[in-house]
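Trainee: With the first letter of the sequence shown counted as 1, position 107 gets the number 107 in the UniProt record's numbering; the numbers rise by one all the way through.
Idealized CB from N, CA, C, for every residue including glycine.
As the structure is a computational prediction, the values presented were derived from the model and not from experiment.
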Amino acid sequence: MTTATNSIYMVTMSAPTNIAVIKYWGKADTHYNTPINSSLSVTLDQTELRAITTIAVSKQFTKDRFWLNGVEEDELLHSPRFRACIEGVQKLAQDHYDAQGNLIYSKEDWKHLHLHISSYNTFPTAAGLASSAAGYAALVAALCQLYHAVETFPGEFSTIARQGSGSACRSMYGGIVAWRQGTPKQEWRDSKAEPVLEDWPQLRALLLVVSDSKKDTSSTTGMQTSVQTSMLLQYRAQHIVPARLQAMEQACHARDFGTFAQLTMQDSNQFHATCLDTYPPIFYMNDISRQIVRIVTVYNSWAGELRAAYTFDAGPNAVIYCLEQHQQHLAALLCHYFPIPKGALSGLDTSSMALEESLLQA
Ligand code: DP6
Numbered sequence: 001m002t003t004a005t006n007s008i009y010m011v012t013m014s015a016p017t018n019i020a021v022i023k024y025w026g027k028a029d030t031h032y033n034t035p036i037n038s039s040l041s042v043t044l045d046q047t048e049l050r051a052i053t054t055i056a057v058s059k060q061f062t063k064d065r066f067w068l069n070g071v072e073e074d075e076l077l078h079s080p081r082f083r084a085c086i087e088g089v090q091k092l093a094q095d096h097y098d099a100q101g102n103l104i105y106s107k108e109d110w111k112h113l114h115l116h117i118s119s120y121n122t123f124p125t126a127a128g129l130a131s132s133a134a135g136y137a138a139l140v141a142a143l144c145q146l147y148h149a150v151e152t153f154p155g156e157f158s159t160i161a162r163q164g165s166g167s168a169c170r171s172m173y174g175g176i177v178a179w180r181q182g183t184p185k186q187e188w189r190d191s192k193a194e195p196v197l198e199d200w201p202q203l204r205a206l207l208l209v210v211s212d213s214k215k216d217t218s219s220t221t222g223m224q225t226s227v228q229t230s231m232l233l234q235y236r237a238q239h240i241v242p243a244r245l246q247a248m249e250q251a252c253h254a255r256d257f258g259t260f261a262q263l264t265m266q267d268s269n270q271f272h273a274t275c276l277d278t279y280p281p282i283f284y285m286n287d288i289s290r291q292i293v294r295i296v297t298v299y300n301s302w303a304g305e306l307r308a309a310y311t312f313d314a315g316p317n318a319v320i321y322c323l324e325q326h327q328q329h330l331a332a333l334l335c336h337y338f339p340i341p342k343g344a345l346s347g348l349d350t351s352s353m354a355l356e357e358s359l360l361q362a
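Quick look at the structure:
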């Protein structure tokens with residue numbers, strides 16, 4: 001190692017959240033964190049809903065440390081999922097040279113250098129807005145940058161993010177992304193994310209934050225109980241999702257919003273039905289979530305076509321997909337039922353501010 005003792009090498013990477021339209025719920029293998037069915041999501045890469053992770057490395061550091069939203073999290077740092085990400089990327093590390101071609105860190109050095117990792121989310125953590133997806137994707141992306149890691153097969157980085165949090169593997173790509181279930185062969189190396197459609201420029205996502213408090217039942221715990229107790233979940237994984245996923249991919253390629261919307265809502269409904277079928281039951285949606293379902297249903301039937309699609313993850317917050325041409329109208333309708341408190345959007349990007357202003361004037 002040729003670096004001075006007091007030098008600090010630092011990288012920062014960010015990753016956006018993703019919202020599934022065909023849900024992952026249930027693990028096939030808890031050690032490798034692989035799913036009982038493939039899933040598909042939209043990466044919200046045009047938004048500020050992301051995790052930003054900075055990693056610093058220095059010979060002066062005597063131990064690894066990790067801060068999440070400014071609070072030191074020692075337990076999480078030493079959890080098997082976090083270690084799997086660090087060690088997974090470390091295996092793919094390369095020598096690091098400076099601009100003059102001098103070796104700064106060798107592959108061997110990386111193993112002995114301690115990391116200081118700081119990550120923050122620009123949105124509520126653990127409130128069902130896929131914060132762990134963005135968090136682990138940003139962590140893996142930053143580690144890859146730090147270690148100058150190189151994949152040995154396409155999608156390998158996503159297999160590492162998957163071990164942090166399943167849904168994180170999909171945030172490693174933009175656009176519409178599938179997570180292929182994979183097989184137990186070769187330690188599930190084929191359980192990885194794959195881009196399906198780079199972009200659907202007219203597609204919009206409206207996020208309705210019903211509650212920003214931490215959810216009662218984490219996804220990891222909830223899906224374990226569902227796997228053990230819900231027969232509906234087994235049926236869904238084996239007999240419904242494969243054909244639905246295929247239909248969804250076709251709809252995305254054809255940019256057929258009507259089919260996309262119908263499948264999205266049906267899959268969200270079915271995921272929450274499996275939660276109810278879990279014993280003891282899990283309730284992620286609340287009365288406001290159900291009101292949102294009714295408003296979207298009435299809006300679509302008033303329009304005479306599917307113009308909006310709701311979906312709910314492991315929390316009461318809604319994500320509504322629509323096309324650009326209906327976004328303003330739909331947002332105004334939602335604000336009629338759920339008025340935005342003045343200033344609630346401050347701190348978000350200027351397009352949100354403009355939307356807030358036009359809604360307040362409407
Ligand atoms: C409802 O990816 O958070 O959002 O792998 O245990 O970390 P772990 O679970 P996680 O589960 C996400 C569940 C979901 C559906 C989805 O994103 O596909």
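1. Round the Cβ separation of A93 and H148 to the nearest angstrom and send it over; I've been treating them as touching at under 8 Å.
2. From this set, N102, D109, G315, which residue's C-alpha is nearest N286's C-alpha?
3. At which residues does the beta strand (DSSP E) containing H114 begin and terminate?
4. Quick one: grab the DSSP three-state call for E198.
5. Can you tell me where the beta strand (DSSP E) with residue 364 in it begins and where it stops?
6. Where does D349 sit, in a helix, a strand or coil, going by DSSP?
7. For S358 and I176, I'd like the C-alpha separation in whole angstroms.
8. For H329, collect the residues of the same chain with a Cβ closer than 8 Å to its Cβ; drop the 5 residues on either side in sequence, then sort them by chain order.
9. Between the Cα of residue 366 and the Cα atoms of S158, D267, P201, which residue gives the shortest distance?
10. CB-CB under 8 Å to L76, same chain, minus the five flanking residues each way: which ones, in chain order?
11. What does DSSP give as the partner residues of E72 in its beta bridges?
12. On the premise that I295 lies in contact with L334, defined as a C-beta separation below 8 Å, what is that separation, rounded to the nearest angstrom?
13. Would you kindly work out how many angstroms separate the C-alpha atoms of T217 and P339, rounded to a whole number?
14. Going by C-alpha distance, which of I22, T159, R170, P280 is nearest T43?
15. Are L40 and A20 touching if we call contact CB-CB under 8 Å?
16. With H, G and I counted as helix, E and B as strand and the rest as coil, what does DSSP make of I176?
17. In or out: S289 buried (at least 16 other Cβ within 10 Å) or exposed?
18. CB of W188 to nearest heavy atom of ligand 1: below 7 Å?
19. Examine the Cβ distances between the segment 54 to 61 and the segment 176 to 193 and report whether three or more of them are shorter than 8 Å.
20. What is the residue span of the beta strand (DSSP E) that residue 384 lies within?
21. Output the distance between the C-alpha atoms of Q224 and D256, rounded to the nearest integer angstrom.
22. So who's on the other strand from A99, going by DSSP bridges?
23. Per the contact definition of three or more C-beta pairs closer than 8 Å, is the segment 109 to 116 in contact with the segment 153 to 172?
24. Distance check for I117 and L207, CA to CA, integer angstroms please.
25. Per DSSP, I55 is paired with what?
26. As a quick check of your reading: which residues have a C-beta less than 5 Å from at least one non-hydrogen atom of ligand 1, in chain order?
27. Could you check whether C85 and I22 sit closer than 8 Å to each other, using their CB atoms as the reference points?
28. Does DSSP put N6 in a helix, in a strand, or in coil?
29. Identify the continuous alpha helix (DSSP H) that holds I288 and give its terminal residues.
Mentor: So, from the data block:
1. In the sequence shown, residue 93 corresponds to position 93, counting from 1. In the sequence shown, residue 148 corresponds to position 148, counting from 1. The Cβ separation is near 7 Å, so the contact holds.
2. As a first step, residue 286 is located in the sequence shown; it is residue number 286 there, counting from the start. Out of N102, D109, G315, the CA that lies nearest to the CA of N286 is found in G315.
3. By 1-based counting over the sequence shown, the position of residue 114 is 114. It spans 114 to 121 - the beta strand (DSSP E) in which H114 sits, taken as one unbroken run.
4. Counting from one through the sequence shown, the residue named residue 198 turns up at place 198. The three-state reading of DSSP puts E198 in coil, since its state is none of H, G, I, E or B.
5. Because residue 364 is not part of the residues shown, which for the chain are 1 to 362, the question remains open.
6. Within the sequence shown, numbered from 1, the residue matching residue 349 stands at position 349. Interpretation of D349 is limited by its pLDDT of 44, a score under 50 that renders its predicted location unreliable; the figure taken from the coordinates is listed afterwards. Note: D349 maps to coil in three-state DSSP.
7. Here residue 358 is taken as the residue at index 358 of the sequence shown, counted from 1. Here residue 176 is taken as the residue at index 176 of the sequence shown, counted from 1. Any answer about S358 is weak, because its pLDDT of 43 lies below 50 and its placement is not dependable; what the coordinates show is given next. So the alpha carbons of these two residues sit roughly 30 Å apart.
8. Locating residue 329 in the sequence shown gives position 329, counting from the first residue. Excluding sequence neighbours, H329 sits near nothing in its chain.
9. Not covered by the structure: residue 366. The range shown for the chain is 1 to 362.
10. Numbered from 1 along the sequence shown, position 76 holds the residue referred to as residue 76. Contacts found: F66, L68, F82.
11. As a first step, residue 72 is located in the sequence shown; it is residue number 72 there, counting from the start. As a beta-bridge residue in DSSP terms, E72 pairs with W67.
12. Counted from its first residue, the sequence shown places residue 334 at position 334. Counted from its first residue, the sequence shown places residue 295 at position 295. The pair is a contact, with the Cβ atoms about 7 Å apart (cut-off 8 Å).
13. Taking the sequence shown and counting its residues from 1, the one referred to as residue 217 is at position 217. Taking the sequence shown and counting its residues from 1, the one referred to as residue 339 is at position 339. C-alpha of T217 to C-alpha of P339: approximately 29 Å in a straight line.
14. Numbered from its first residue, the sequence shown carries residue 43 at position 43. Distance check between T43 and each of I22, T159, R170, P280 places R170 closest, using alpha-carbon atoms only.
15. The sequence position of residue 40 within the sequence shown is 40, counting from 1. The sequence position of residue 20 within the sequence shown is 20, counting from 1. With contacts defined as CB atoms closer than 8 Å, L40 and A20 qualify as a contacting pair.
16. Working through the sequence shown from its first residue, we reach residue 176 at position 176. Here I176 carries a strand assignment [DSSP, helix/strand/coil].
17. Reading the sequence shown from its first residue, position 289 is the one you call residue 289. The residue in question, S289, is buried, as its Cβ has 16 or more Cβ neighbours within 10 Å.
18. Stepping through the sequence shown from its first residue, residue 188 is reached at position 188. Look at W188: its beta carbon is at least 7 Å from all of the heavy atoms in ligand 1.
19. Too few Cβ pairs lie closer than 8 Å, so no.
20. One cannot answer for residue 384 here, as it falls past the ends of the chain, which runs 1 to 362.
21. To locate residue 224, count along the sequence shown from 1; it is residue 224. To locate residue 256, count along the sequence shown from 1; it is residue 256. Going from the Cα of Q224 to the Cα of D256 covers about 34 Å.
22. Along the sequence shown, one-based indexing puts residue 99 at 99. DSSP lists no partner for A99.
23. Segments in contact, no.
24. Numbered from 1 along the sequence shown, position 207 holds the residue referred to as residue 207. Numbered from 1 along the sequence shown, position 117 holds the residue referred to as residue 117. Our two residues, L207 and I117, have alpha carbons roughly 29 Å apart in a direct line.
25. Here residue 55 refers to the residue found at position 55 when the sequence shown is read from its first residue. I55 is bridged by DSSP to V11, I117.
26. For ligand 1, residues qualifying as neighbours are A20, K23, Y24, S39, S132, S165, G166, S167, S219, T220, D313, A314, where qualification means a beta carbon closer than 5 Å to at least one of its heavy atoms (chain order).
27. As a position in the sequence shown, residue 22 is number 22, starting the count at 1. As a position in the sequence shown, residue 85 is number 85, starting the count at 1. Judged by their CB atoms, I22 and C85 are not nearer to each other than the 8 Å cut-off.
28. In the sequence shown, counting from the first residue as 1, residue 6 sits at position 6. Reduced to three states, the DSSP call for N6 is coil.
29. Here residue 288 refers to the residue found at position 288 of the sequence shown. Annotation: the continuous alpha helix (DSSP H) that includes I288 extends over 287 to 303.
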